[in-house]
Every structure is written in structure tokens, then in C-alpha cells.
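Structure, as C-alpha cells:
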Ligand SMILES: [Zn+2]
């Protein structure tokens, strides 16, 4: 029997490739090569660049850069701080969705004024999802306005039982809502911070073991897994300044394959959470020629020196995983 398994190329709906603006951390070339090394054939890149993607002009500049440098398929998000609503109309067909930061994040993107939040939801006249960074109780606000204006809502990086319950409850009411979890919230907890120090800083923060158990207990009800690949250099991570975020493109699939190996999920869950659901939620059609081949039993150790990400490190360094990517076919 062939020991290799073929899966549809993964779609990672949440990455920060830092291009343009912070290409010392990553760029569209290095980031997309890291994606392919991780079996990911499509990435959706977030708009919180140094120059935020708040206008059609900035979006078009970034599209051009991505088209020139990316080795894999990509989609871009548009961003908003509530002051650029007049730009919406011109960009609907150029993006995969709208990203709104309701919680504090890197850079000045957070929208806290409720009137502005309401206006954003009222003005996004598009079937593509509004993706929210909404920690703790903040998700409730997004759910309220998504319901009022009948918008498709996707909650990024759900990390606690409280956040997941808000999403699952809204789901039960029949509204079009989905969510993602990250591998670092599935495989690391706040206990790892002692060991990881600055490398473990991320938003939302690594949660408790109890929260992590809750995510695993409800894995069947969670729509997507996304890396939230947010690279910083080792020098930055070891400095006194706090840099939030960690790279994850190359470890996402091996971690999930290890979870399959351990009987915590099945291969169908991987396909559902990294391919079928991303295509359905974002109404995005990935070419069927995008294939990743894996050896699900192959045991190997994550080593920083083997990574393609420009940042050059992983919070999982030294961890032994089961499931290696042996081949990737990408159709652009
Ligand atoms: Zn992010």
C-alpha cells in the first residue's frame, strides 16, 4: 500500500507576510515559499501593513507586489478604521473580505467607537465576510451588528471557551457566522510562556489548558484552522520591546497530522478546516491542481535551521512531529 496521502492544497485564510513595509521580517516571496513548504498553496494576507490597506490605491500597489513575488496563490483583505468607508465600493471584487480590529493589535487599527463599528457593518454591501479580531466579550458586538445588517461574519483566532461559546451560540441561531483557531492555541498554552519568553507573545495570548481543552472538545464545530503567521525577527523577539505574533506557515500541517496520528482529529477534519470551509466561507475557488502529498507516519523534529520563513524560528522548535510534507503541486 502507498504510504503517502494526497490532500487538496491547504488554504491559510490568515497570514501577515509583512510586504510592503516590514520586509526584514518576511516578504511575499519568502512567506509564500514558507507556505508551500508547509503544504499551503493559497494564503489570504491581512491588511495591517506599515501603510495600512485602507484605500483602493494602496490595495492595488500591494496586489502588484504580491503578483510579482508570490510563489503560491493569494488573496488580500481590505482594512478599515471606520474612516475609509467611501473606498469600499471600489474594492469589493479585488479582495477576499474586510478585516476589522475590535481589539488592540500591532499598529493603530483598532476601532473602539461603537458608532463607527455600526457604520462599518452597515456600509459593507458585499457577500464577502467581515473578519473580526474580537477578543473576549468583543465578539458579541460584531455578532450583534452582523445580525442587524445581515452580514457574513468570520471570527479570527478564537482562543478561549468564552469566545467559542459566543460563536457557537450565534451559529445555533442560524446566522452566517464562522470562526478559525490557530495551531499555537491548539498546541501551546500559557504554561509554555516560561520557556518561550518573548517568543511566546501573541495576540490573542496563549490561553489556559482549560481553554485549549475546550477548543479540542469542540473541534468538530470549528470551521477553520489558520496559522495567523505573524513573523518577527529573533532579534526583535529577544529585545525589550514587545513584539506580538509568531510564524506558523510551515508547522500548521505537520501539527495537524500529528493530532491525527494521536487520534485527536481525523484526516477529513484537516481537509474540512483548511480547504473545504475556506473555499465555502470566502466563496473562493482554488484550482484542483493544487495538491499536497504527505507521509503521515514520518517522524521528524522541527528545527529552526530548516525553516524557509525569513524570521528563522518557530515556537515549536525541538518538537517531534508525525507527518511530513513530501511533495506540493501549485497551480497559480
Ligand atoms: Zn493576525
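In the working numbering, the protein residues as written are 934 to 1265. Quick reminder that beta carbons are idealized off the backbone N, C-alpha and C, glycines included. Please read all numbers here as calculations on a predicted model, not as lab measurements.
Could you check if residue i is buried or exposed, using at least 16 other CB atoms within 10 Å of its CB as the buried criterion?
i, result
"residue 951", "buried"
"residue 1265", "exposed"
"residue 1058", "exposed"
"residue 1045", "exposed"
"residue 1191", "buried"
"residue 1103", "buried"
"residue 1145", "buried"
"residue 1216", "exposed"
"residue 959", "buried"
"residue 1142", "exposed"
"residue 1167", "exposed"
"residue 1205", "buried"
"residue 1165", "buried"
"residue 968", "buried"
"residue 1181", "buried"
"residue 1218", "exposed"
"residue 1030", "buried"
"residue 1197", "exposed"
"residue 1070", "exposed"
"residue 1083", "exposed"
I'd like to know whether the C-beta atoms of residue i and residue j end up nearer to each other than 9 Å.
i, j, result
"residue 1160", "residue 1185", "yes"
"residue 1119", "residue 1148", "yes"
"residue 1050", "residue 1064", "no"
"residue 1075", "residue 1088", "yes"
"residue 1061", "residue 1100", "no"
"residue 982", "residue 954", "yes"
"residue 1020", "residue 1011", "yes"
"residue 1067", "residue 1111", "no"
"residue 1226", "residue 944", "no"
"residue 1221", "residue 941", "yes"
"residue 1172", "residue 1131", "yes"
"residue 985", "residue 1042", "yes"
"residue 999", "residue 1183", "no"
"residue 949", "residue 1162", "yes"
"residue 1108", "residue 1072", "no"
"residue 989", "residue 1015", "no"
"residue 1117", "residue 1086", "no"
"residue 1123", "residue 1248", "no"
"residue 1201", "residue 1152", "no"
"residue 1263", "residue 1223", "yes"
Which first and last residues belong to the alpha helix (DSSP H) in which residue i is found?
i, result
"residue 1073", "1071 to 1081"
"residue 1127", "1126 to 1129"
"residue 1191", "1185 to 1194"
"residue 1210", "1210 to 1214"
"residue 1024", "From DSSP, residue 1024 is part of no alpha helix (DSSP H); its letter is neither H nor E."
"residue 961", "961 to 970"
"residue 1139", "Run containing residue 1139: none; DSSP gives neither H nor E here."
"residue 996", "989 to 1002"
"residue 1101", "1094 to 1105"
"residue 1200", "1200 to 1204"
"residue 1168", "1167 to 1170"
What residues are listed by DSSP as bridge partners for residue i?
i, result
"residue 1253", "1234"
"residue 1226", "939 and 1260"
"residue 1043", "1034"
"residue 1162", "948 and 1179"
"residue 913", "Because the chain is modelled from 934 through 1265, residue 913 falls outside the range shown and cannot be assessed."
"residue 1239", "Note: residue 1239 sits in no beta bridge, so no partner."
"residue 1157", "1113"
"residue 1007", "976"
Tell me where the beta strand (DSSP E) around residue i begins and ends.
i, result
"residue 1063", "1063 to 1066"
"residue 1053", "Premise fails: residue 1053 lies in the alpha helix (DSSP H), 1047 to 1056, not in any beta strand (DSSP E)."
"residue 1086", "1086 to 1088"
"residue 1114", "1110 to 1114"
"residue 1267", "There is simply no residue 1267 to check, as the chain begins at 934 and stops at 1265 in what is shown."
"residue 973", "973 to 978"
Any chance the CB of residue i is under 8 Å from a heavy atom of ligand 2?
i, result
"residue 1194", "Ligand 2 is not part of this structure, which contains only ligand 1."
Quiz item: Do the stretch 950 to 964 and the stretch 1225 to 1244 touch if we need at least three Cβ pairs shorter than 8 Å?
Solution: Touching, yes.
Quiz item: Any chance the stretch 998 to 1007 sits against the stretch 967 to 975, with 3 or more Cβ pairs inside 8 Å?
Solution: yes
Practice problem: Answer yes if the stretch 1152 to 1168 comes into contact with the stretch 1210 to 1218, meaning at least three C-beta pairs across the two stretches below 8 Å, and no otherwise. | Solution: yes
Exercise. Determine, using beta-carbon pairs with one atom in the stretch 1132 to 1145 and one in the stretch 1170 to 1180, whether at least three such pairs fall under 8 Å.
Key: Here the stretch 1132 to 1145 lies against the stretch 1170 to 1180, with 3 or more beta-carbon pairs under 8 Å apart.
Quiz item: When the Cβ atoms of the stretch 1224 to 1238 are set against those of the stretch 1246 to 1263, are three or more pairs found closer than 8 Å?
Solution: Verdict: yes, contact present.
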